[in-house]
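Working notes, beginning with the structure itself.
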């Protein structure tokens, strides 16, 4: 048994943020039906890799929503779904005729999740956005920098993942609410607000002190740490992250590294140089093990290979899973990062091929005959 | 209207690693009771402090994470404290903790012992690496967890060190996944009648907040590298306007962008039919962004981003987080919620809902004073 068994999600999401939400729902046992169109954007192999990780365990149907018959199929599917979700700009679902008012007429207790960039209200509601523009607007880009330095990132769309993960919480909360009250609802998830929440205490501090935020490199943003940062190790582009918060941790660190006990009282820059002198002579993994055995927080700055092929902890946790495909291949996919002891979430299957489940979904959920489906396919209404 | 989790009680023993989980549940309407040691939660000692004065009631760090929670004090390492915790568990639905694996078992208040008191209890544990595996007793800060989860390596200049970003994003992702696990466990409890354990790893949570890194490795053995502000898709890069930084984007309405540049007498370098294909734009990203930079230097950030949005081109200002406090869009949506701090005589704007449930409003309330609710929850 999984927590969302028996829950059906009609999934109009695309690119990254929305698919991140619905992959978690699929891991939790929901039947996620991804509505796609021919020629939609994807990232290569749909079974595994980046696309497969985003679409793991979902079913794919192809519908032409610009044809009234395609729209009718979408509405009939909504009527037998618990959740309808999209991450288009605010006006797209309304223009398509799949707005919340239409959906509740079809299914009075529907949970309708609109995952837009800016939200359904407000002066910027029709602005267009992607993850990189949202993390620019919320401070993440400007402050990923050395002190006084220019922006140095992001290299990817953290905002899509953050907004997507929060989207799954929104759906779960709405399903819990429905179970208690019998009522569905409209969920307005502005990804801009989702990532703004994750800025954390800095927003409150700035509201009170009126100061200008300045980049601080890898300095601690929690308890003061010294040393605290990322240091070069032996080899090409190898790094270790080290954090020393307490006096006890400092004594252990000084003992392992041989750095003089009073070095911590000098400048952070001088201490960082001493730490780098020590780390540069060591293999990152060895230095991390040595420090951890002494009770100091330290770890390799993992690249893709470290993370996916060399990390014994993620491997022991079964974080990456090998999933069989209908073609007889096996693809490796990320799994959920949380473990439920009694009703675990798990990867339900590989990513679907485009339209792989069109016939099955239309036949079993809508009772359509082979001939009806063939007629729609001949007219390019379904694929 | 009431919050979605109205009627759910959460005992929150988490330190900063897991503090966001309880905050999210409080926002959803749960009664979240912070269980603090008699000297106060660790979070109360973390800066910044209101007016710079270090004090248990003045940590802005604590305020943010404890907003909307209640506070009781007990020392779980003492017999009396453990006994009180067991009494609190009897009327609770969820317990969140961040102790090293096995520590609460040693104190006699591990998940199994607590479920003898209350079989319906959901116990969420947020630890650096999870409850099992070779690193289960390794330590991590937010930065170490970001490093080992793969977030740092791909951020920073190509010739510089890996760099972190604003906020404790390893802790935040773990908090989100803990909240997801908790609500999932509550849904399951409706069917099974029993609580269960939710094991959240900071490292794995960070790995679940990556984009291209694991997928490209699994797909093609590719290792993503740092490339400054150039996004891995090569459709975004930071540029410079007259008065600040801007995020360029070469997705969106390319024709309108070129027409605009040509009207400014600047389009020659990119007025090339081959660039109408997005794959070609991806391949020639450096050349395109260099041309866009030369053009953007004529404009202010506001002129450029407003002009772009009118043309459906997803440009944005690269700005400091405090810009949100003055953003008319946030003001109209009422994102910041003014909360009175009676003890200090100030009203503080708190960030509000990360998402809005139309039938179950998000709840924001002030953080508790140390032990404020001791007498209510004896």
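Protein chains in written order, with our numbering: chain A, 813 to 1195; chain B, 5 to 382. Think of the CB as a built atom: it goes at the ideal place given N, C-alpha and C, for glycine as much as any other residue.
Within chain B, the residues that residue 1025 (chain A) reaches when beta carbons sit closer than 8 Å: Listed along chain B, the residues sitting closer than 8 Å to residue 1025 (chain A) by beta-carbon distance are 170, 324, 325, 326.
Residue ranges of each beta strand (DSSP E) within the stretch 218 to 278 of chain B, 3 or longer: 240 to 244, 249 to 253
Contact list for residue 941 (chain A) against chain C, beta-carbon separation under 8 Å: Here the protein chains are A and B, and chain C is not one of them.
Check whether residue 825 (chain A) and residue 897 (chain A) have beta carbons under 8 Å apart: yes
Alpha-carbon spacing of residue 208 (chain B) relative to residue 1150 (chain A), whole angstroms: 8 Å
Rounded straight-line distance, which links the Cα of residue 908 (chain A) to that of residue 1011 (chain A): 34 Å
C-beta neighbour in chain A for residue 256 (chain B), strict 8 Å: yes
is_contact[residue 969 (chain A), chain B] using C-beta, thresh 8 Å: yes
Cut-off 8 Å between Cβ atoms - residues of its own chain near residue 49 (chain B), not counting five sequence neighbours on either side: 58, 60, 63
Residue range of the beta strand (DSSP E) that includes residue 1135 (chain A): Annotation: the continuous beta strand (DSSP E) that includes residue 1135 (chain A) extends over 1132 to 1136.
Bridge partners - residue 15 (chain B), DSSP secondary structure assignment: B:37, B:99
CB contact check: residue 931 (chain A) to chain B, cutoff 8 Å: yes
Neighbour flag for residue 995 (chain A) against chain B, beta carbons, 8 Å: Yes, residue 995 (chain A) counts as interfacial toward chain B.
Per-residue burial, residue 1073 (chain A) [other beta carbons within 10 Å of its own, 16 or more giving buried]: exposed
9 Å Cβ cut-off: residues of chain B touching residue 1095 (chain A): What residue 1095 (chain A) touches in chain B: nothing, since even the nearest Cβ is about 15 Å away.
Contact with chain B by residue 829 (chain A), beta-carbon distance below 8 Å: no
Among B:32, B:51, B:25, nearest to residue 1032 (chain A) - alpha-carbon criterion: B:51
Identity of the residues DSSP links to residue 1041 (chain A) by a beta bridge: A:1054
At least 3 beta-carbon pairs within less than 8 Å: the stretch 933 to 949 of chain A vs the stretch 177 to 197 of chain B: no
Neighbouring residues, chain A, relative to residue 161 (chain B) (Cβ below 7 Å): Simply 964.
Nearest-angstrom beta carbon gap, residue 222 (chain B) and residue 860 (chain A) [assumed within contact, 8 Å]: 6 Å
Sheet register partners of residue 928 (chain A) (DSSP bridge): A:1002
Span separating the alpha-carbon of residue 386 (chain B) from that of residue 22 (chain B): Residue 386 (chain B) lies beyond the range of chain B shown here (5 to 382); nothing can be said about it.
DSSP beta-bridge partners of residue 326 (chain B): Beta-bridge pairing links residue 326 (chain B) to no other residue.
Below-8 Å beta-carbon distance, residue 873 (chain A) vs any chain B residue: no
Chain-ordered neighbours of residue 1113 (chain A) on chain B, where CB pairs are closer than 7 Å: 151, 156, 157, 166
Length at least 4, wholly inside the stretch 1054 to 1087 of chain A: the alpha helix (DSSP H) runs in chain order: 1059 to 1069
CB of residue 1148 (chain A) within 8 Å of CB of residue 1157 (chain A), strictly: Taking the C-beta atoms as reference points, residue 1157 (chain A) is found nearer than 8 Å to residue 1148 (chain A).
CB of residue 165 (chain B) within 8 Å of CB of residue 1051 (chain A), strictly: yes
Coarse secondary structure for residue 989 (chain A), derived from DSSP in three states: helix
Close-in-space but distant-in-sequence residues of the same chain around residue 1038 (chain A) (CB under 7 Å, 5 per side omitted): 1056, 1076, 1080, 1083
The stretch 254 to 270 of chain B in contact with the stretch 983 to 990 of chain A per 3-pair CB rule at 8 Å: no
Interface residues of the stretch 815 to 842 of chain A facing chain B [CB-CB below 8 Å]: 815, 816, 828, 836, 840
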